[in-house]
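Here's the structure we're looking at; comments come further down.
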């Protein structure tokens, strides 16, 4: 056992790591094109956006008038102008009420709007994921897509929620400056001098603060990725007693995160005394210079009061605006990534005015098809064959021989590079994707089950299927018995990815799903292994039911399935090597016969060995 | 205050010095802040009185003004530094608590047994560890500390105002009860809505995630419209609750603001009248107005505080729910390390059910596996095969009977020593997003290179690894090279072999490996485990037909037992199965012979 535990001081570093965070940058630069596209999402909600803006202007204006009114009230009181005093009080009440109401309307509307727009953006992305080619989806990790849909969208939301407020802040800033200058030019100019000082200090501070923020974000994504990995692999962790080591690895990341967060906090707080001190300086200026002006009778006491009140809130909008600037940079980076996703071209789409497929004779035909995920390295070379109505064709061949590409092309998951794929006599590019999808049913090698009940999984999007139809399908594919043995039968909730039923049983559920959809053409990628013999029997029976009365193309791995087929197409390196019935192929003495006589559980592996695939051959 | 919040506050109290310092700096910041109204009021009076007195002794006046101005700068500077310290300390404290929570959560998840992990979605656990933990932390920084400094500020301001003029103070602070009621109502309803938003959000997340993971099924069934429908339904509901939350929040804020301005207006009227009557100086009124303006900023903050409280109540609840669970399987007090000189595994009348009162998964299972011997276990899905495997390293505990190693009940020894002694290779091989070497060495990261390579050779995966771009350094998993099902299983066998356990269990761990390779793996393993007790669970009979004893399970009971020959001769389930497999995959069995 692990003797290494003996001497912890001298032991070498373990061969161990935890987590793999993403390295997206947090801050972006302002890009007018991105901004314009982003604001286009506001288009449909133009009216509420405008109302929100007007409300914000009202709230800024009323807020701006308050210190002035207070100053006037004070002056009026001092001068014993009772009437004016009361009039000003009424004006104050009106301004206060206006502010409260306008503030509510502005914030309420813009926050609602932010949420609305964010949902539109998220929906656009989600819908786009339904349309982009599978090659894009294949090579992009789900976690990354999710961080587009969640994290980046969240950054945009934060930005949007504050946008209207920033307009208000901007108006406030200009307004306060204007008020100060209007009330007393000299004193106004003098107090405004602190503003450039603040801006200069902020400019020095900003890069440091950004760096600290970036560090903090990276550290937290480090720690979170480690946590996520340990949760996903928790069973293995416990099996291999890695708890202690993994905790050590994690604790280090958590500690780093703590340090980075504290550093960012420090950077955030360090500006507070600067702003406060500058406010103090401005106030002191008002006191000394303003007080002097009052003494000399140049300005009124009320004006000085108003000055103090303005100066006091002078820095709020500056602070808010610069915060919003940082938020904007984050939003820019996020928007950039979002549009990157939205700009992934949808290569496979309906032709304008494409009719629905009406496959009266459900045939599948490949005419001189050449195809490769990377066009420079074709996987299929000039492949031609035809599947007649209600014929069952087995596709056989080693990994990489092109079987999977053939079924993917039939469903138009990808576009051919040359040649034509015809379903029911129509080129798949000339009919709608939706009708193609309803004509062709597909059972994948690895059954994917959704969170929900067994019944919901069998029905999937055949929404019209009744409970009876679901049960009938399950019975037909021999899934009914095991389903009834589950605690709540068809209403049993499946765990994460159907964890609570066996792989073979998941396969049966996916068969039932295909049966309920009742497609004219069925494409089936048989599971290679992992099926126990008991379920295997049920599956073989189920396949016969599924094949009944349908045109079928099966990527077959089991001899039983292959023998049941009307015709067998043997593929090798993207070409059809031979085809025909079982007896015919046996008689011809080709590759098929060789495979069959030295048959193995999985047809594939044997073919691989027989064709001398480097990787596998090196083993024997 | 809900108990959850009290508990979060309690976590912060583990750092009494820092909490004390935070309170102190907040208090001093409030004091410094509240110096300003008086100073400014005084300066205005100075200016005004001198003006009124007409004695334009400008030198004395300017000296007085300068003095006041200096004090104002000093006060703002002090306020700035103290606020900074208070803010930093608050955030530091919250991060300290977050660090404690992170560590505790991570350890707790590692401690909680399979029974817990079976029932909860891993995404849910990740959300709790990320978002809910952040929500809990944010309570300290965003609610606890600000609420504290706010209380200090308002309390101190109230005292200053009352000592200056009780009636004015009463008018000025008149808005607080109204604001308080508005807040309390908002706080409660906000909490409920917030909780709902979070629940709905996680449904939406799940919908999106599953769609992306199952995108091939979606495409295959032309499920675009259906999936968009699901998305719209989920997101519409989130949106509606977000709207509700926004309305609640800003209605509360608007009421607070309106009541504040009402108070300020009343104050101006009353104070202004006093000034009119000459019963109050203009500076006195101004200082009250400035007191009020210092109270205005907190109004915005209060809404944020309540928001943070609402979030923390639900987040903290979800986090503590996990942290408070007692691991079902843990060391008994006084458990000792397993010392098994021989390594004889015995099941004695073992019965098992996952939940008390639930379905009986295993009943009366007894067998013995001696060192160097192999037990085969076969049976239909759901017959309890994997359960047997998972009981041996105590991933679950038996409900009846007992399991012993060299006569010692496995519940009497420490989990660590037991799991070190028992090696289990599972059917579904989980590979980490790390290099091949890291994955193979997972159970013993300090193993010598030769052991790693040896294990990989035993599992017939070395040659494949050697052909990878960076051999043992090649990254596998989600962001690395893809491995086939059989390759993954061989990797996990190699991983199981590295630590050289005393008892080996293979839970259907060769199902995806082709028969020829499997046979080689098994031969290699039989050398490696020649002196060890081995349990092989499989549905492919060729995997276990050479076992010294084979038990056939059905519905959790042993229905047949014996060696291959006797079972075939007996003509029962096993014989039937053997016949079936010979027919469908005759070649496979031949190859295995």
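Residue numbers (our numbering), protein chains in the order written: chain A, 368 to 987; chain B, 5 to 597. Where is the CB? At the ideal position from N, CA and C, for every residue including glycine.
- Query: Shortest alpha-carbon distance to residue 327(B) belongs to which of 350(B), 108(B), 557(B) and 159(B)?
  - Reply: Counted from its first residue, the second chain places residue 327(B) at position 323. The residue with the shortest Cα to Cα distance from residue 327(B) is 108(B).
- Any beta-carbon of chain A closer than 8 Å to the one on residue 134(B)? In the second chain, residue 134(B) corresponds to position 130, counting from 1. Yes, contact with chain A.
- Which residues, taken in chain order from the region 675 to 697 of chain A, show a beta carbon closer than 7 Å to some beta carbon of chain B? Per Cβ criterion, the list reads 675, 676 and 679.
- Task: Report the rounded CA-to-CA distance for residue 464(B) versus residue 505(B), giving the unit in angstroms.
- Result: One-based indexing of the second chain puts residue 464(B) at position 460. One-based indexing of the second chain puts residue 505(B) at position 501. Each residue's alpha carbon lies about 19 Å from the other.
- At a CB-CB cut-off below 9 Å, which residues of chain B make contact with residue 614(A)? Here the question's residue 614(A) lines up with position 247 in the first chain. Within chain B, the residues 107, 110, 111 and 114 have their CB atoms less than 9 Å from the CB of residue 614(A), given in chain order.
- Query: Would you say residue 659(A) faces chain B, with C-beta separation under 8 Å as the test?
  - Reply: Working through the first chain from its first residue, we reach residue 659(A) at position 292. At least one chain B Cβ lies under 8 Å of residue 659(A).
- Query: Which of the three DSSP states, helix, strand or coil, is assigned to residue 908(A)?
  - Reply: As a position in the first chain, residue 908(A) is number 541, starting the count at 1. Three-state result, residue 908(A): helix.
- Message: I'd like the list of long-range same chain contacts for residue 933(A), defined as Cβ closer than 6 Å, with 5 residues on each side in sequence excluded.
- Response: To locate residue 933(A), count along the first chain from 1; it is residue 566. Closer than 6 Å at the Cβ level, and outside the excluded window around residue 933(A), lie 758 and 759.
- Query: What is the C-beta distance between residue 557(B) and residue 563(B), in whole angstroms, given that I count them as a contact (C-beta under 8 Å)?
  - Reply: On the second chain, position 553 is the one that residue 557(B) refers to. On the second chain, position 559 is the one that residue 563(B) refers to. Sure, about 7 Å apart at Cβ, within 8 Å.
- Task: Output the residue ranges of the alpha helix (DSSP H) runs that lie fully inside the region 497 to 570 of chain B and measure 4 residues or longer, sorted by chain position.
- Result: For the alpha helix (DSSP H) assignment, the uninterrupted runs of no fewer than 4 residues enclosed by the region 497 to 570 of chain B are, from N- to C-terminal side, 519 to 532 and 545 to 548.
- Item | Residue range of the unbroken beta strand (DSSP E) whose run includes residue 353(B) | Locating residue 353(B) in the second chain gives position 349, counting from the first residue. Element bounds for residue 353(B): 349 to 357.
- Query: Between which two residues does the beta strand (DSSP E) containing residue 291(B) stretch?
  - Reply: Locating residue 291(B) in the second chain gives position 287, where the first residue counts as 1. Not the beta strand (DSSP E): residue 291(B) falls in the alpha helix (DSSP H), residues 286 to 327.
- Message: Less than 8 Å between CB atoms is the rule here; does residue 598(A) satisfy it with respect to chain B?
- Response: Here residue 598(A) refers to the residue found at position 231 when the first chain is read from its first residue. Using beta-carbon distances, residue 598(A) counts as an interface residue toward chain B, with a partner under 8 Å.
- Item | Beta-carbon separation (whole angstroms), residue 504(A) vs residue 219(B), contact threshold 8 Å | Start at 1 with the first residue of the first chain, and residue 504(A) comes out as number 137. Start at 1 with the first residue of the second chain, and residue 219(B) comes out as number 215. For residue 504(A) against residue 219(B), the beta-carbon gap comes to about 5 Å, under 8 Å, which counts as contact.
- Message: Does residue 824(A) come out as helix, strand or coil in the three-state DSSP assignment?
- Response: Against the first chain, residue 824(A) aligns to sequence position 457. In the three-state scheme derived from DSSP, where H, G and I count as helix and E and B as strand, residue 824(A) is classed as helix.
- Task: With 8 Å as the threshold, decide whether the Cβ of residue 464(A) is near any Cβ in chain B.
- Result: Position 97 of the first chain, counting from 1, holds the residue named residue 464(A). Chain B contact via Cβ: present.
- Message: Buried or exposed, going by whether 16 or more other CB atoms sit within 10 Å of the CB of residue 575(B)?
- Response: Taking the second chain and counting its residues from 1, one reaches residue 575(B) at position 571. Residue 575(B) should be labelled exposed.
- Query: Going by beta carbon distance, what residues of the same chain come within less than 8 Å of residue 387(B), once the five residues before and after it are set aside?
  - Reply: Sequence index remark: in the second chain, residue 387(B) carries index 383 (1-based). Result list for residue 387(B): 557, 558, 559 and 560, in chain order.
- Message: In the DSSP assignment, the beta strand (DSSP E) including residue 798(A) goes from what residue to what residue?
- Response: Numbered from its first residue, the first chain carries residue 798(A) at position 431. Per DSSP, residue 798(A) lies in no beta strand (DSSP E) and is assigned neither H nor E.
- So, residue 333(B) versus residue 401(B), is the Cβ gap smaller than 8 Å? In the second chain, counting from the first residue as 1, residue 333(B) sits at position 329. In the second chain, counting from the first residue as 1, residue 401(B) sits at position 397. Going by C-beta atoms, residue 333(B) is nearer than 8 Å to residue 401(B).
- Is the region 158 to 178 of chain B in contact with the region 116 to 132 of chain B, if contact means three or more CB pairs nearer than 8 Å? In this structure the region 158 to 178 of chain B does not lie against the region 116 to 132 of chain B, because fewer than three pairs of beta carbons, one per stretch, are closer than 8 Å.
- Item | CB-CB length for residue 390(B) against residue 541(B), believed under 8 Å | For the purposes of this step, residue 390(B) is identified with residue 386 of the second chain, where counting begins at 1. For the purposes of this step, residue 541(B) is identified with residue 537 of the second chain, where counting begins at 1. Right, their Cβ atoms sit about 7 Å apart.
- Identity of the residues DSSP links to residue 238(B) by a beta bridge: Your numbering for residue 238(B) matches position 234 in the second chain. According to DSSP, which records beta bridges pairwise, residue 238(B) is partnered with nothing at all.
- Output, in sequence order along the chain, the residues in the region 479 to 490 of chain A whose CB is closer than 8 Å to any CB in chain B. For the region 479 to 490 of chain A, which is checked against every Cβ of chain B, the residues closer than 8 Å are 479, 482, 483, 486, 489 and 490.
- Quick one, which of 854(A), 877(A) and 817(A) has its alpha-carbon nearest residue 846(A)'s? Position 479 of the first chain, counted from the first residue, corresponds to residue 846(A). Among 854(A), 877(A) and 817(A), the Cα nearest to that of residue 846(A) is on 877(A).
- Message: Am I right that residue 441(A) and residue 685(A) are in contact with their C-beta atoms under 8 Å? What's the rounded C-beta distance?
- Response: Sequence index remark: in the first chain, residue 441(A) carries index 74 (1-based). Sequence index remark: in the first chain, residue 685(A) carries index 318 (1-based). Taking 8 Å as the upper bound for CB-CB distance, residue 441(A) and residue 685(A) are not in contact here, some 27 Å apart.
- Query: Does any C-beta atom of chain A lie closer than 8 Å to the C-beta of residue 273(B)?
  - Reply: Taking the second chain and counting its residues from 1, the one referred to as residue 273(B) is at position 269. True, the Cβ-Cβ gap to chain A drops below 8 Å.
- Message: By the 7 Å beta-carbon criterion, what residues does the region 238 to 250 of chain B contribute toward chain A?
- Response: Under the 7 Å Cβ criterion, the region 238 to 250 of chain B contributes 239, 243, 246, 247 and 250.
- Just by C-beta distance, which residues in the region 489 to 523 of chain A are closer than 8 Å to chain B? Taking 8 Å as the Cβ-Cβ cut-off against chain B, the residues of the region 489 to 523 of chain A that qualify are 489, 490, 493, 494, 496, 497, 498, 501, 504, 508, 509, 510, 512, 513, 516 and 517.
- Message: Let me see if you follow: with CB-CB separation under 8 Å, is residue 591(A) close to chain B or not?
- Response: In the first chain, residue 591(A) corresponds to position 224, counting from 1. By the rule that beta-carbons nearer than 8 Å mark a contact, residue 591(A) touches chain B.
- Runs of alpha helix (DSSP H) lying entirely within the region 95 to 183 of chain B, each at least 4 residues, in chain order: Scanning the region 95 to 183 of chain B from its first residue to its last, the whole alpha helix (DSSP H) runs of 4-plus residues come out as 118 to 123, 126 to 131, 137 to 143, 149 to 168 and 170 to 176.
- What residue from 563(A), 627(A) and 903(A) has the CA that sits closest to residue 871(A)'s CA? The residue given as residue 871(A) occupies position 504 in the first chain. Cα-wise, what sits closest to residue 871(A) is 903(A).
- Task: Round the Cβ separation of residue 737(A) and residue 783(A) to the nearest angstrom and send it over; I've been treating them as touching at under 8 Å.
- Result: Residue mapping note: residue 737(A) aligns to position 370 of the first chain, counting from 1. Residue mapping note: residue 783(A) aligns to position 416 of the first chain, counting from 1. Contact between residue 737(A) and residue 783(A) holds, since their C-beta atoms are separated by about 7 Å, short of 8 Å.
- Task: Grab me the residues of residue 3(B)'s own chain with a C-beta within less than 8 Å of its C-beta, minus the 5 sequence neighbours each way, in chain order.
- Result: Since the first residue of chain B shown is 5 and the last is 597, residue 3(B) is not available in this structure.
- Note down the Cα distance separating residue 24(B) from residue 152(B), rounded to an integer number of angstroms. Looking up residue 24(B) in the second chain gives position 20. Looking up residue 152(B) in the second chain gives position 148. Approximately 11 Å, taken between the alpha carbons.
- Minimum C-alpha distance to residue 447(B) - residue among 378(B), 470(B), 341(B) and 500(B): Along the second chain, read from residue 1 onward, the residue named residue 447(B) stands at position 443. The candidate whose alpha carbon is nearest that of residue 447(B) is 500(B).
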